[in-house]
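In my numbering, the protein residues as written are 773 to 923.
Here a beta-carbon is modelled for each residue, glycine too, at the ideal position from N, C-alpha and C.
In structure tokens form, the structure reads like this:
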């Protein structure tokens with residue numbers, strides 16, 4: 773599986789460029805131009821998103837037009853099966869935000885996160901707990917599960 777650590781991603785788009793399937797795109801759609809179709813000027817106020825463009829001389833300049841009805845198609849990534857070096861997106865990523873991990877590694881990382889959360893002392897809803905158990909009870913449950921895993 774290919775995973776993305778969004779914290780490390782800098783939005784350079786090298787992964788999308790490297791992908792032979794074109795299966796990677798940045799979130800959101802691309803603007804196609806400016807829409808200057810307002811009948812009246814709306815002056816700047818405390819709630820304006822960009823007060824510097826809410827003047828009559830800049831009227832409509834910060835409003836983007838979008839292309840409606842553009843159909844997207846699904847393209848299945850095969851993890852670059854023919855590439856012995858693994859997925860091209862992961863190899864191209866300068867910050868290692870995209871990485872390849874097998875199911876066992878993913879399960880191990882999830883278990884590690886659960887253990888860290890249980891040991892933090894916070895009262896949290898862990899492992900689908902619906903009974904309002906304290907963090908101490910959850911730690912005990914997790915330790916019991918871990919002892920069964922080792923046996």
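| Item | Value |
| --- | --- |
| contact_flag[the segment 881-889, the segment 777-785] where n(CB pairs < 8 Å) is 3 or more | no |
| Residues sharing a beta bridge with residue 774, DSSP | 872 |
| Close-in-space but distant-in-sequence residues of the same chain around residue 848 (CB under 8 Å, 5 per side omitted) | 793, 795 |
| Local conformation of residue 854 per DSSP, three classes | coil |
| Helix, strand or coil at residue 891 [DSSP, three-state] | helix |
| Residue 797, DSSP secondary structure in three states | coil |
| Classification of residue 870 by the beta-carbon crowding that lies within 10 angstroms, buried from 16 upward | buried |
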